[in-house]
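Inspection log for the structure reproduced underneath, given as structure tokens.
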Amino acid sequence: MNPAPLVIIGGGAAALCAAIAARQRGATVLLLEQAPRWQRGGNTRHSRNLRIAHDTITPLSLGTYSAAEFRADLDRATGTASNPALRQLLVDESATLTEWLAGAGVQLQPVTEGRVPPSRRTAFLRGGGTAMINALYARAAALGVMIRYDSAVTGLQFEDGRVIRVEVGRGAGAWSVTPQGVIVCSGGAQANRNWWRERWGAAAAGVVNRGIPHADGAVLNLLLQQGAQAVGDPTQAYLVAVDARSPADDGGIVTRIRCMPRGLVVDAHGQRRYDEGGDTASTRYARWGQRLLQFPGQVGYLLLDAQGLREAPPALVPPLRAPDLAVLAQQLKIPVPALRETVAAYNAAVQPPADAAQALDWHTVGLEPPKSRYALPLRERPFAAYPMRPGITFTYHGVGVDTQLRVLRRDGSSFENVWAAGMVMAPNIFSSGYVSGLALTISCVSGRLAGEQNSHL
Amino acid sequence: MFNVTNHIKSETAVEKNNPQTPFSVAKGTPQNNPFSIEKGTPQKPYFEKKELGEFNPFEARRVLNVCNICGYCNGFCDVFDAAQRRPALTTADLAHLAYLCHGCRNCLYACQYAPPHQFNINVPRTLTQMRQYSDALHVWPSALAGALRHSARTALLLTGGAIALLLGLIWLLAPNTNASGFYRVVSLPVMIVLAVIPLSWSLLALTRSWRSYWQLTRPQTAVVTWRSLRLALQDVVLLRNLRGGGHGCNDVDERFSHLRRRLHQGLLIGVGLCFAATLTALFYHHALGWSAPYPVVSIPVLLGTSGGIGIVLTTSGLLMLKWRGDLTPTTRSAQTADRTVLLVLMTVAVSGLALLIERETAAMAILLALHLGGVSALFALLPYSKLVHVGYRMMALVIEQMERQSAHHQSVLISE
Ligand SMILES: Cc1cc2nc3c(=O)[nH]c(=O)nc-3n(C[C@H](O)[C@H](O)[C@H](O)COP(=O)(O)OP(=O)(O)OC[C@H]3O[C@@H](n4cnc5c(N)ncnc54)[C@H](O)[C@@H]3O)c2cc1C
Ligand code: SF4
Ligand code: SF4
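Each protein sequence line maps, in turn, to chains C and A. Going by this note's numbering, the first residue of the first sequence is number 17, and it counts up by one from there. Going by this note's numbering, the first residue of the second sequence is number 98, and it counts up by one from there.
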């Protein structure tokens, strides 16, 4: 008889790293992915880079990035961790990650090829997350991991702190399996509309899910119902500004609107609310995502004139254009006088700097809110607008784990045979803010560690 | 019927009229604003799959515009950086990018938006269609665009016709008992006429086609340098853009291999050897006055035999790959065009080898008709078959090298 398998719930980076690590140590592994084959890989499909500590210069990075620096960046950008030991472990383990991934067939893009920016902190996946996912599935299959697609876990039966049964699917096609152990790698709850409604009320209807439609947090809920410790902030999510015309799910990385500093952002009443030039770093995407949640109807409009449009990066959907502001306002269903007045007040407040060629130094004087940088007047026709909405990337809500990635119960003890990896436990490490490449690193490192705990299953 | 001028017209029409909205904008929404989030299928015609007959560069522009935002695939080949240097993605840009793409298919299997995703991003297929579109645009004379489009039919007609013509000639003209070897059946002047006429026509047609492509796609600012030519030639020899990120192409499916690249290189060598054999034989005949047939151990025969064997092996390999390959990254008509050329090459090589073995027997006359017919058809097919890609691709590689030297492009990469 076959031994009872180690069941991995999920099919993204965390799940695959766990499956490969456990299988390499001799475990019998069954991986259950909710998505169909073509959509396998969770939000990992949409990702591009990982954050890694490294003490030497490598082909992937022209500088060094020590574990201490990584740790300090995390502390600064995301506050203190609910599990500081785990944060440290993650940072330390990231140092061996790229080598491990390369060993599993994943291709990273050396900066020496000249096609990725010489980033000191992050390494880029050649072909992005989907290419990585393909490589990891191929490796897992070659190692003998049993892989089942279209297999959503719908129930977990517990007995004396152990999972004794994993239920898969609903209705006629339902089946179940007795596991030796379970590693939960089911990602966040960011696609769950009910979750949004509970937190945001009516505003939930105005939010877009950037990632896969399957991330409903069902397994997270099953664990919480069984008494797992909740960590993180259940009211918050990582939101970025995306084009309002994006599809409801799975638009990925290309729907972001990026050029706010080049224009004006108004709400449905034609009013400005924030300093568009205040934040020009990549953190602005997230800042605007949070702000848009508070806009009426969760929609904001980025206004550009012809000059701004020329400087704007390519966009998925071309902006709406109009020969003058009145027509644009009508298209956007914004009261015409309000929009005219906002733009006129702004143009009047614009103050050219001593060196007019320095777009960065243009700013407004006596305007509330001000525009502190790139405050060039909006004059050249035609005018254009990108409608924007908040797009959800991940939630900050998960289950508590110890440094062996065992899922903790509310009384502080751990379940005997349940581990968690990836976004479902990432809130142990950070539950606000973000730094680029962090999510993928957490998923890969925690997946590998959880898999390694299961050598003799 | 595929009509190029119609397509150019319809392209401008598309540019003017297309709402360019991949997602329908619903009216009357919860918050009463015009940009509600729509679940379900987005509006046609944006994501509609188009047949080649309906293909227009707008689809290629849509696809590469998404790539220009995403850029995830820029480590696979030169196309993605080159596309970012051309954000307007004009028809000229697309014609260039289409030939810069070698069809390694890495970017299809690595794309998070590949079909059945609603964004329907299939770069290799779209650029294959764009190549077919561009070929038809540059074919000379333009009335022969149909010949290129229906390349299997054209090849069958030309090859069949040439062989029939030769058989007819052999049957009509009595054997020349004074001559030796092949010339007993077909005299040298006839052979030369059968080669020179199609070859000169083809060279004229190729020059016209390639020149018009060059005029369309050449960069206005950069200049051709010896260095760019040398590097482009190196790209051809190594087939650098068929290496993917270094792990090879997706020859038949998601798995990587270097087989197609190696076979293509082998085919190039085989053709080169046969060409060298012909040149040596001509030299023997005209300069040294040694006339054919040459002994088995002689330079022309050795070169020809090894080249012929090379062509037979590599064309069979390539045909097998095409036979087993996934059709998603290409189009059926492109697949047919590829197979057609491989079959013609194979016919020429097999008949040539058979001719060598059977040259003392009665079958020689028929084999000679097959071989010479195949060769003159191959010459005639140069501008009207897949073979025309040689020049276009070379130019695309030269342009890429020119730009790399003059522009200091920094890829725009996004991530989270
Ligand atoms: C557009 C976008 C771009 C991003 N870019 C980056 C980036 O560049 N760098 C970075 O570090 N991070 C990035 N992220 C975040 C990062 O991709 C994810 O946070 C990370 O990949 C999560 O990995 P995971 O394995 O934990 O979860 P996921 O990859 O989301 O995988 C979860 C898996 O669980 C499966 N699943 C869910 N429920 C069930 C169930 N009930 N039964 C069975 N299976 C189930 C899902 O189908 C899925 O396969 C990005 C996210 C998005 C949305
Ligand atoms: S992942 Fe898709 S959209 Fe992005 S560059 Fe590659 S082919 Fe283009
Ligand atoms: S198919 Fe290969 S060569 Fe063509 S664009 Fe994609 S990655 Fe580049």
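All C-beta atoms, glycine included, are put in the ideal place defined by N, C-alpha and C.
| Asked | Found |
| --- | --- |
| Exposure label - A/Leu191; buried when at least 16 CB within 10 Å | buried |
| is_contact[A/Ala157, chain C] using C-beta, thresh 8 Å | no |
| Proximity test, A/Arg202 beta-carbon vs ligand 3 heavy atom, cut-off 7 Å | yes |
| CA-to-CA distance, C/Gly28 to C/Ser388, given in whole angstroms | 41 Å |
| Per-residue contacts from A/Cys167 into chain C (C-beta, under 7 Å) | Ile269 and Val270 |
| First through last residue of the beta strand (DSSP E) which encompasses C/Phe174 | Val169 to Glu175 |
| Positions along the segment 209-233 of chain A whose CB lies within less than 9 Å of some CB in chain C | Gln209, Tyr210, Ala211, Pro212, Pro213, His214, Gln215 and Phe216 |
| Interface partners of C/Glu432 on chain A, CB under 8 Å | Per Cβ cutoff of 8 Å: no residues; C/Glu432 is ~36 Å from chain A at best. |
| 8 Å Cβ cutoff, C/Asp166 in contact with chain A | no |
| C/Gln252: CB within 7 Å of a non-hydrogen atom of ligand 5 | Questions concerning ligand 5 fall outside what the structure shown contains, since the ligands it does hold are ligand 1, ligand 2 and ligand 3. |
| Minimum Cβ-Cβ distance from C/Gln50 to chain A less than 8 Å | no |
| For A/Thr427, three-class secondary structure by DSSP | coil |
| For C/Thr114 and C/Ala196, the rounded distance between their alpha carbons | The sequence shown places Gln at residue 196 of chain C, rather than the Ala named in the question. Each residue's Cα considered, the two are about 30 Å apart. |
| Under 8 Å from the C-beta of A/Gly536: neighbouring residues of chain C | Since the displayed chain A opens at 98 and closes at 513, residue 536 of chain A lies outside it and no answer follows. |
| Assigned exposure category for A/Thr428 - 16 Cβ within 10 Å defines buried | buried |
| Proximity of A/Ala207 and C/Gly143 at Cβ, strictly below 8 Å | yes |
| Closer than 8 Å at the beta carbon, the chain A residues around C/Leu22 | None at all; the shortest Cβ gap to chain A is about 26 Å. |
| Of the listed residues A/Leu370, A/Arg337, A/Val495 and A/Leu264, nearest to A/Arg357 (C-alpha basis) | A/Arg337 |
| Per DSSP, the bridge partner or partners of C/Thr74 | C/Ser77 |
| Contacts that C/Asn150 makes with chain A (C-beta to C-beta distance below 9 Å) | Tyr206, Ala207 and Glu351 |
| Interface partners of C/Gly453 on chain A, CB under 9 Å | Ser512 and Glu513 |
| Check: A/Tyr381 C-beta below 7 Å from any heavy atom of ligand 2 | no |
| For C/Glu115: DSSP bridge partner residues | The partner list for C/Glu115 (beta bridge, DSSP) is empty, contrary to what the question assumes. |
| 8 Å Cβ cutoff met for A/Leu303 and A/Gly488 | yes |
| Interface flag, C/Ser388 vs chain A, CB-CB below 8 Å | no |
| Limits of the unbroken alpha helix (DSSP H) element including A/Leu410 | Ile396 to Arg421 |
| Sufficient close CB pairs (3 or more, under 8 Å) joining the segment 142-156 of chain C to the segment 120-128 of chain C | yes |
| Euclidean distance between Cα positions of A/Arg182 and A/Val509 | 10 Å |
| Option nearest C/Thr80 by Cα separation, candidates C/Ala88, C/Asp89 and C/His70 | C/His70 |
| Proximity test, Cβ basis, 8 Å: C/Thr409 and chain A | yes |
| Residue closest to C/Ser135, alpha-carbon to alpha-carbon, out of C/Ser167, C/Leu76, C/Ala190 and C/Ser192 | C/Leu76 |
| Start-to-end residues for the alpha helix (DSSP H) that takes in A/Asp547 | The first residue shown for chain A is 98 and the last is 513, placing residue 547 of chain A beyond what the model contains. |
| Chain-ordered neighbours of C/Arg326 on chain A, where CB pairs are closer than 7 Å | The contacting residues do not exist; C/Arg326 stays about 10 Å from chain A at best. |
| Cβ-heavy atom distance, C/Ser448 to ligand 1, below 7 Å | no |
| Beta-carbon separation (whole angstroms), C/Gln40 vs C/His230, contact threshold 8 Å | With 8 Å as the limit, C/Gln40 and C/His230 do not qualify as a contact, their Cβ atoms being about 27 Å apart. |
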